[in-house]
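A quick write-up on the structure given underneath.
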Amino acid sequence: MLPKALGMGAPALPVLAAALAGLFLFLGLEKTLLWRHCHTENCEVHSSAGIMITVGDALHNFMDGVLIGSAMLVSPALAFSSTLAVVAHEIPQETGDFAIMLSAGWSVKKAMAANIAASLATLPGAFGAYYLLDSFRPALPYVLAVSAASFIYIALADLIPAAHRHPKQGKPALQFLLGLAGVGTIAIFVLKH
């Protein structure tokens with residue numbers, strides 16, 4: 716996504732500055748809105764009310780929609796790979812959010828309804844980005860850079876620390892190979908399109 720943003724004709728420095736600003740934006744959102752990507756029940760923020768998790772998750776899902784909608788303006792292949800990345804991240808996140816809501820005392824039905832409602836925030840984000848950004852194409856490289864920053868932030872804040880937290884015999888090699896497989900999958904999409 717960041718290479719696409721850099722290849723759209725905008726000056727590199729402002730595009731990279733937008734990505735850096737995006738990293739700080741997501742850090743600020745996480746710290747102020749309890750927008751957590753924790754995938755376990757024992758996180759320090761889980762004692763907060765389930766409503767905070769739902770609001771934070773809805774904002775996060777809206778931004779995922781913006782990412783997908785802006786990627787669609789560049790190419791269907793980028794939108795597809797972005798959607799796959801979002802889905803791969805959302806499954807464990809939504810499962811974790813569901814567990815948080817249950818541990819906060821919510822019923823299964825209420826937790827499921829809140830999780831579905833928060834997930835639906837992706838749709839206005841995607842359609843809004845697609846239709847509004849089409850009118851503001853010069854802004855697209857910067858929006859893509861901020862969208863890329865969301866994935867970079869997730870990797871820096873959650874995935875890499877989690878990989879280092881639980882090293883087991885043979886797991887580092889498997890993690891490395893899976894990382895290479897991910898890069899290879901992306902390379903196939905890039906080379907075909």
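Everything in the sequence shown is counted per our numbering, starting at 716 for the first residue and increasing by one.
Glycine included, every Cβ here is placed at the ideal spot set by N, Cα and C.
C-alpha distance - residue i paired with residue j, whole-angstrom precision
i: A736; j: H804; result: 22 Å
i: A794; j: M716; result: 10 Å
i: G899; j: F891; result: 12 Å
i: I815; j: A725; result: 42 Å
i: S822; j: P887; result: 38 Å
i: V770; j: T837; result: 13 Å
i: L744; j: Y846; result: 25 Å
i: M787; j: N776; result: 17 Å
i: I768; j: A829; result: 10 Å
i: W750; j: G820; result: Here W750 scores only 49 on pLDDT, less than 50, and its place in the model is too uncertain to base an answer on.
i: R852; j: L721; result: 14 Å
i: I869; j: G897; result: 16 Å
i: M827; j: F813; result: 7 Å
i: T810; j: V802; result: 12 Å
i: A792; j: Q808; result: 24 Å
i: G840; j: I831; result: 15 Å
i: I903; j: A872; result: 27 Å
i: L889; j: I806; result: 21 Å
i: G894; j: F842; result: 31 Å
i: K824; j: I901; result: 38 Å
i: L906; j: D779; result: 25 Å
i: G765; j: K746; result: 16 Å
Beta carbon of residue i nearer than 9 Å to that of residue j
i: A860; j: V730; result: yes
i: S797; j: S862; result: yes
i: F866; j: A773; result: no
For residue j and residue i, believed in contact at Cβ under 8 Å, the rounded distance
i: V789; j: K719; result: 5 Å
i: A727; j: Y857; result: In fact, because the Cβ distance is near 12 Å, the residues do not count as touching under 8 Å.
i: A864; j: F741; result: 7 Å
i: G784; j: L738; result: Going by Cβ atoms, the distance from G784 to L738 rounds to 21 Å, so no, they are not a contact pair.
i: L835; j: M723; result: So it is not a contact: roughly 30 Å between Cβ atoms.
Any non-hydrogen atom of the ligand MN closer than 8 Å to residue i Cβ
i: K746; result: In terms of ligand content, the structure shown is empty, and the ligand MN therefore cannot be addressed.
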